[in-house]
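In full-length UniProt numbering, the protein residues as written are 1 to 187.
What follows is the structure, given as structure tokens:
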């Protein structure tokens, strides 16, 4: 999109010379056509109400169509007159320059936001990596604690088993001595 696009004054002057009308004349023509259209609409409605003949209503509609064409021409030829001030001084249209600068501002803001987004994504990536490392370390620590606790529990269980087997052996020995030994009451 070119930055310094100018509006040519020759196109508006050609349009004006082709029609031979000034802006004020075109506006007056447009207002006249508008009032004529409103009058014709009222006449058309009254013709319908009073049952006008078909020929009269057809001729009325034909004249109405030519008036509409006049209104359209008035609107068409009045539009370039609004740009006349920009075309005469042969400078870029201010609205175009304003829009170009606005678009450039928006583009620069988008670029800044994209840079920020990229930085945030990098930071988030590093933080996620650190988070997962910590999660892995925490899981490994819990696993190590669980393993040491289970080893201690196994050692305690083995100690209790050994102690209980020793007690069972003592009890068996005691019963054995009771059954094998001489009885004093038997005698």
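For each residue, glycine too, the CB sits at the ideal point set by N, CA and C.
CA-CA distance, residue i and residue j?
i, j, result
"residue 176", "residue 166", "15 Å"
"residue 102", "residue 96", "10 Å"
"residue 179", "residue 173", "10 Å"
"residue 157", "residue 122", "52 Å"
"residue 115", "residue 104", "16 Å"
"residue 24", "residue 100", "32 Å"
"residue 49", "residue 35", "Below a pLDDT of 50, predicted positions are generally treated as unreliable, and residue 49, at 47, falls in that range; no measurement from the model is reported."
"residue 108", "residue 141", "49 Å"
"residue 137", "residue 125", "18 Å"
"residue 33", "residue 113", "54 Å"
"residue 127", "residue 135", "12 Å"
"residue 133", "residue 143", "15 Å"
"residue 145", "residue 151", "10 Å"
"residue 149", "residue 139", "15 Å"
"residue 130", "residue 154", "36 Å"
"residue 163", "residue 170", "11 Å"
Cutting at 7 Å between CB atoms, please list the residues of its own chain near residue i, excluding the five before and the five after it.
i, result
"residue 82", "For residue 82, the predicted structure reports a pLDDT of 49, less than 50, and the residue's modelled location is therefore unreliable. A value from the coordinates is still provided. Excluding positions up to five away in sequence, the list is empty."
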